[in-house]
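2 protein chains.
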Amino acid sequence: MSPRQIPEASVSRLPVYLRALVELAEHGMNTVSSVALADAAGVNSAKIRKDLSYLGSYGTRGVGYDVEYLIHQISRELGLEQDWPTCIVGTGNLGQALARYGGFSERGFRIAALFDADIGKVGTELDDLSVMHIDDLERVVKEEEITIAIVAVPARNAQDVADRLVAAGITSILNFAPAVLQVPDHISLRKVDLSIELQILSFYEQRKVAKESVLRGTARRRLEAVERGSGTTTTR
Amino acid sequence: MSPRQIPEASVSRLPVYLRALVELAEHGMNTVSSVALADAAGVNSAKIRKDLSYLGSYGTRGVGYDVEYLIHQISRELGLEQDWPTCIVGTGNLGQALARYGGFSERGFRIAALFDADIGKVGTELDDLSVMHIDDLERVVKEEEITIAIVAVPARNAQDVADRLVAAGITSILNFAPAVLQVPDHISLRKVDLSIELQILSFYEQRKVAKESVLRGTARRRLEAVERGSGTTTTR
DNA sequence: TCCTGTGAATTCGTTCACAGCC
DNA sequence: GGCTGTGAACGAATTCACAGGA
């Protein structure tokens with residue numbers, strides 16, 4: 000099983016497929032073709048087939064894929080059959096929202112601890128968990144066997160927190176702080192940056208405005224350059 | 000100015016460079032080399048030079064880039080010199096956190112309106128804005144000239160909301176709902192999916208565990224496949 | 001006949017390496 | 001001597017297109 004190296008781009012789509020499959024299963028579908036799954040996942044069917052082929056030959060020619068079986072295989076591949084105790088560092092606006100967000104525990108990411116540096120917040124109850132002081136990090140990470148951490152602290156504290164997390168034995172970090180984190184090679188790092196996403200949208204939005212003025216004859220010279228740059232930017 | 004088509008991958012890095020540059024400026028730096036900027040932005044220097052070359056020849060050989068000038072150019076390219084009135088649809092956990100998140104307005108994304116379908120929430124004050132009913136969407140989008148919308152509603156309502164946003168004249172959507180949205184070609188769509196990010200981390204986390212057992216001699220056959228799959232996944 | 005699985009072709013993105021300018 | 005700007009080389013990801021099994 001899992002013979003080869005799955006390309007990163009492919010890995011990052013597996014959760015999308017998984018969600019689409021779960022939805023199809025809820026609608027009573029037993030099998031699904033690559034075209035139907037592609038449609039549900041918002042990609043094209045060649046990608047589906049190629050991506051799934053990295054996991055193994057789980058489809059049946061002339062028929063499609065067995066929905067339940069595929070759910071099982073993708074879950075296994077993603078490591079979702081085990082529980083991953085996770086902690087959230089920082090219980091400001093975003094940290095609180097993340098702590099209350101049901102979507103994590105739903106998929107095996109049990110929030111095992113919340114940390115904050117602000118003594119005023121320590122001891123507060125939040126979604127059945129009591130906020131702990133950041134100085135308890137090392138101890139609790141060990142006790143609860145936490146391997147994944149979500150960083151939701153202000154940018155200026157993010158690197159410090161990351162260093163402490165790494166020292167405490169965390170091996171994966173999901174960073175929400177608007178800062179570039181340096182971590183050792185063996186640590187997996189992903190980032191979610193809210194305002195960067197808006198800035199990317201702004202770029203294409205501006206190009207659309209430019210295109211409109213072109214069509215109104217304001218700056219005809221720029222038409223060609225603009226022509227292909229204003230489409231949808233992701234996920235299609 | 001802006002002669003050619005900037006590759007999408009490059010566009011999505013510009014906001015990162017911009018933030019690094021602002022930080023450098025705050026530390027009193029006047030010029031920066033591609034190597035120094037690369038370091039601050041967490042990428043390599045060839046990428047910096049190539050990306051910046053798409054914007055024009057803004058550097059000086061033998062010296063580097065003028066920090067302020069580059070900030071100006073990137074901001075202009077990203078469309079950040081204008082104000083983009085933005086709305087948030089859905090004022091649950093996440094919507095509330097986003098409404099209070101300072102990072103948006105900081106960069107010109109003024110939150111101009113909040114919408115919710117729940118009558119109980121309509122009229123609530125949230126970060127100086129009163130929550131409006133979703134039925135006011137069309138009117139307010141026009142009045143406030145909103146072009147960008149942030150979707151933070153439950154997955155099952157996301158497509159409906161997206162359809163209404165598009166009908167109301169929105170042209171960019173940032174989707175936080177864990178659902179695949181279908182929008183017309185002329186609409187820019189980006190998504191932020193919290194639990195997908197964790198699932199991707201889980202994949203690599205699992206591979207690390209597998210690697211450990213390999214090193215303990217449990218499953219020597221899998222070593223080769225695992226070897227290159229457990230590194231950091233993004234931003235380096 | 002239908003739909004998967006996959007080599008081959010293509011496109012896109014990254015990195016190298018160095019000419020050219022300060 | 002130092003650093004940018006960029007063709008050329010390379011590598012990754014996507015798409016095509018079809019052979020082959022159900």
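For the protein sequence lines, the chains are Y and D, in the order given.
Residue numbers for the first sequence follow numbering that gives the first Met the number 0, beginning at 0 and rising by one.
Residue numbers for the second sequence follow numbering that gives the first Met the number 0, beginning at 0 and rising by one.
Note that CB positions come from ideal geometry on N, CA and C, so glycine has one too.
Where the alpha helix (DSSP H) containing residue i begins and where it ends
i: Ser33 of chain Y; result: 33-40
i: Gly102 of chain Y; result: 102-105
For residue i, the three-state DSSP class (helix, strand or coil)
i: Arg12 of chain D; result: coil
i: Gly58 of chain Y; result: strand
i: His132 of chain Y; result: strand
i: Glu124 of chain Y; result: strand
i: Ala236 of chain Y; result: Residue 236 of chain Y lies beyond the range of chain Y shown here (0 to 235); nothing can be said about it.
i: Ala148 of chain D; result: strand
i: Gln4 of chain Y; result: coil
i: Glu236 of chain D; result: In the structure displayed, chain D extends from 0 to 235; residue 236 of chain D sits before or after that span and is not available.
i: Ile47 of chain D; result: helix
i: Arg17 of chain Y; result: At residue 17 of chain Y the sequence reads Leu, which differs from the Arg that was named. Leu17 of chain Y falls in the helix class under three-state DSSP.
i: Glu142 of chain Y; result: helix
i: Glu80 of chain D; result: coil
i: Ile73 of chain D; result: helix
Cross-strand partners of residue i (DSSP beta bridge)
i: Asp137 of chain D; result: Per the sequence presented here, residue 137 of chain D reads as Glu, with Asp not at that position. The partner list for Glu137 of chain D (beta bridge, DSSP) is empty, contrary to what the question assumes.
i: Asp65 of chain Y; result: Y:Thr30
Classification of residue i by the beta-carbon crowding that lies within 10 angstroms, buried from 16 upward
i: Ala8 of chain D; result: exposed
i: Gly171 of chain Y; result: Before going on, a small fix: residue 171 of chain Y reads as Ser here, not Gly. The residue in question, Ser171 of chain Y, is buried, as its Cβ has 16 or more Cβ neighbours within 10 Å.
i: Asp115 of chain D; result: buried
i: Arg18 of chain Y; result: buried
i: Val152 of chain Y; result: buried
i: Gln81 of chain D; result: exposed
i: Arg289 of chain Y; result: The displayed coordinates of chain Y run from 0 to 235. Any statement about residue 289 of chain Y would go beyond what the structure contains.
i: Val225 of chain Y; result: In this prediction, Val225 of chain Y scores a pLDDT of 36, lower than 50, which makes its location untrustworthy; the coordinate-derived value is nonetheless stated afterwards. Buried, because 16 or more other Cβ atoms sit within 10 Å of the Cβ of Val225 of chain Y.
i: Asn29 of chain Y; result: exposed
i: Thr146 of chain Y; result: buried
i: Asp50 of chain Y; result: buried
i: Glu105 of chain D; result: exposed
i: Ala40 of chain D; result: buried
i: Gly78 of chain D; result: buried
i: Gly85 of chain Y; result: Position check: residue 85 of chain Y holds Thr in this sequence, whereas Gly was assumed. Buried, by the Cβ-count rule.
i: Val10 of chain D; result: buried
i: Glu25 of chain D; result: exposed
i: Arg206 of chain D; result: buried
Boundaries (first-last residue) of the beta strand (DSSP E) holding residue i
i: Ser110 of chain Y; result: In the sequence under discussion, the amino acid at residue 110 of chain Y is Ile, which differs from the Ser named in the question. Start and end: 110-115.
i: Thr85 of chain Y; result: 85-88
Runs of alpha helix (DSSP H) lying entirely within the stretch 152-210 of chain Y, each at least 4 residues, in chain order: 154-167
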